[in-house]
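Novice: Counting from 0, one number per residue, gives the positions in the sequence shown under numbering that gives the first Met the number 0.
A virtual CB, placed ideally from N, CA and C, is assigned to each residue, including glycine.
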Amino acid sequence: MSRQGLQESVNFLPRIPKTPRKGKSSEDDSKDKINDPVSTGLVRVKQCGLCGLEFEEHNLPGIVSFQAIANLRKKWGAGLPSTDARLRSASARYSSVKLCAFCYQFFYDTEES
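(1) Looking at the unbroken alpha helix (DSSP H) that takes in S90, where does it start and where does it end?
(2) Looking only at C-alpha atoms, which of K73, V42, L52 and G61 sits nearest to Y107?
(3) How about the segment 76-83 and the segment 41-58: do they share at least three Cβ pairs that are nearer than 8 Å?
(4) In terms of alpha-carbon separation, which member of N70, S38 and V42 lies closest to H57?
(5) DSSP three-state call for S8: helix, strand or coil?
(6) What separation, rounded to the nearest whole angstrom, lies between the Cα atoms of A91 and L52?
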């Protein structure tokens, strides 16, 4: 598979933020920033509302309310901290949140039998 074909096939993967390595010079950092499309502003990334991984914005197909995420996290025993401002405001609870395809599966309509 060509390099271009491989690059196109992995566009849906989450972006893992780069952490600075010890001993790197500032010249290496500036070179990395030039080659990183997110740093240059060519690609916009956004966090998934449930798992928190960064994806390109067009790879977040799911949209649910923040309240649905809070309810699911509470059901899983991983509730949001009570200091979260979004829990205090009724309008913020029902604002839309984008989700990655993996996390969106937890919100699919299912028939209960």
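Specialist: The structure says:
(1) A89 to R92
(2) G61
(3) no
(4) V42
(5) Residue placement at S8 cannot be trusted, given a pLDDT of 46 that sits under 50; what the coordinates show is reported in the next sentence. Here S8 sits in helix by DSSP.
(6) 21 Å
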